[in-house]
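**Q**
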Amino acid sequence: MRAMRFERFGGPEVLAEAEVPDPVAGPGETLVDVVAAGVNFGDIKQIAGEHTDGPYAPKGPLPRIPGLEVVGLTPDGRRVLGCLPQGGYAEKAVVADRDLVEVPEGVRAGEALALLVQGLTAWHLLRSAARMAPGESVVVHAAAGGTGSLAVQLAREFGAGRIIATASSEDKRAFALELGADVAIDGAAEGYRERVLDANHGRPVDIVLDAVGGPVLDSALDALGYLGRLVTYGASSRQAASAIAPGRLALESRTVAGFWLIPLLARDGAGGPALEELLDLTARRRLRPLVGAEYDLARARDAHEDLLARRTKGKLVLRPRS
1 MRAMRFERFG GPEVLAEAEV PDPVAGPGET LVDVVAAGVN FGDIKQIAGE
51 HTDGPYAPKG PLPRIPGLEV VGLTPDGRRV LGCLPQGGYA EKAVVADRDL
101 VEVPEGVRAG EALALLVQGL TAWHLLRSAA RMAPGESVVV HAAAGGTGSL
151 AVQLAREFGA GRIIATASSE DKRAFALELG ADVAIDGAAE GYRERVLDAN
201 HGRPVDIVLD AVGGPVLDSA LDALGYLGRL VTYGASSRQA ASAIAPGRLA
251 LESRTVAGFW LIPLLARDGA GGPALEELLD LTARRRLRPL VGAEYDLARA
301 RDAHEDLLAR RTKGKLVLRP RS
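Start counting the sequence shown at 1; every next residue gets the next number (UniProt numbering).
#1: DSSP on D22, reduced to helix/strand/coil?
#2: Spell out whether any CB of chain C is found under 8 Å from the CB atom of R127.
#3: Taking the straight line between their C-alpha atoms, what separation do you get for F9 and R131?
#4: Determine, using beta carbons only, whether A160 and V138 come nearer to each other than 8 Å.
#5: Beta-carbon within less than 6 Å of G49's beta-carbon, same chain only, minus the 5 sequence neighbours each way: which residues are those?
#6: Kindly give me the distance between the Cβ atoms of A211 and G234, rounded to whole angstroms, as I take these residues to be in contact under 8 Å.
#7: Quick check for students: name the residue ranges of the alpha helix (DSSP H) that lie wholly in the region 123 to 185, counting only runs of 4 or more.
#8: Reducing DSSP to helix, strand and coil, say where R248 ends up.
#9: At what residues does the alpha helix (DSSP H) containing L308 begin and finish?
#10: So, for G225: in the same chain, excluding its five sequence neighbours on each side, which residues have a beta-carbon less than 6 Å away from its beta-carbon?
#11: Go ahead and pull the three-state DSSP assignment for I262.
#12: By Cβ distance below 6 Å, which residues in the same chain neighbour G72 in space, the five residues on each side in sequence not counted?
#13: Rounded to the nearest angstrom, what separates K315 and S253 at their Cα positions?
This is the structure we're talking about:
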């Protein structure tokens, strides 16, 4: 079969097309004929040799085939979405049965791929980590991104009382409003608290979902009200937040929580009610996953370079078959 693999660690340039033997499914696994593979920053970390820790870290010697998520067909004809630690950039992939879920009619491959990592993250940020209740106010940072855009829509679906989106440009803020945010503001740290309170009619907010970190996280904590929850799930600013004194939390009974999807997938698998709900919402067009450019499998390098250069918008998709 045709695959993209790497024989040494490095940047996108180490990816090369190769003919390799078809993988063989073992007990509790299914061989999937890959129709589309998703591109993630996790793939870039894999080929750079940075993705070495955690329960879903790739195993085995080089060469390796990267790729964490696929949509394809099973031998019995089911159209499925699957999560795997490596091996997605190929015409065939082996996926554990507990990491497979059937894709409903009406959901495109790219949409399904956008729901696996980004969609499940957004779902669990709201349901599992923040435990959002209907009527609560929610601030979503980086609201035009893959996870943020789904979090805005899911917060609306789950009954949020007010959704405040932050984004770095007017175009992105306008897009967040299209997705269902009540108001969209600049997410810069300076003046953050004042902008958020103004957007929430002068009141502190209940929940903040933060993927920026650094000074923005510090400012967001000050915008939380009594029993407010801040969930951090990334640090795109690459800046460290200041240490949070316990007294600062106790004063308003605030909570700061962290969330990372990978340990949850390792414990429970990707298939399950959360992913099924996301696929159902998409099939009924109540959820709009962002789908970006599609590339032939042989152009995986280009996809990685575009992602690193931030030239992309939405889920990037590789097509193993023309």
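C-beta atoms are modelled at their ideal positions from N, C-alpha and C, and glycine is treated no differently. Fair warning: this is a prediction, and the values are worked out from it, not measured in the lab.
**A** According to the structure shown:
#1: Three-state DSSP puts D22 in coil, outside helix and strand.
#2: This model lacks chain C altogether, as it is built from one protein chain only.
#3: A straight line joining the alpha-carbon of F9 with that of R131 spans about 40 Å.
#4: Judged by their CB atoms, A160 and V138 are nearer to each other than the 8 Å cut-off.
#5: Closer than 6 Å at the Cβ level, and outside the excluded window around G49, lie F9.
#6: Contact between A211 and G234 holds, with the beta-carbon distance rounding to 4 Å and staying under 8 Å.
#7: The region 123 to 185 contains, as complete alpha helix (DSSP H) runs of 4+ residues, the segments 146 to 157, 170 to 179 (chain order).
#8: Under the three-state reduction of DSSP, R248 is assigned to helix.
#9: Element bounds for L308: 300 to 308.
#10: Once the five neighbours on either side are set aside, the close Cβ partners of G225 are P204.
#11: Judged by DSSP in its simplified three-state form, I262 adopts helix.
#12: V32, D33, V34, V35.
#13: A direct Cα-to-Cα measurement between K315 and S253 gives close to 38 Å.
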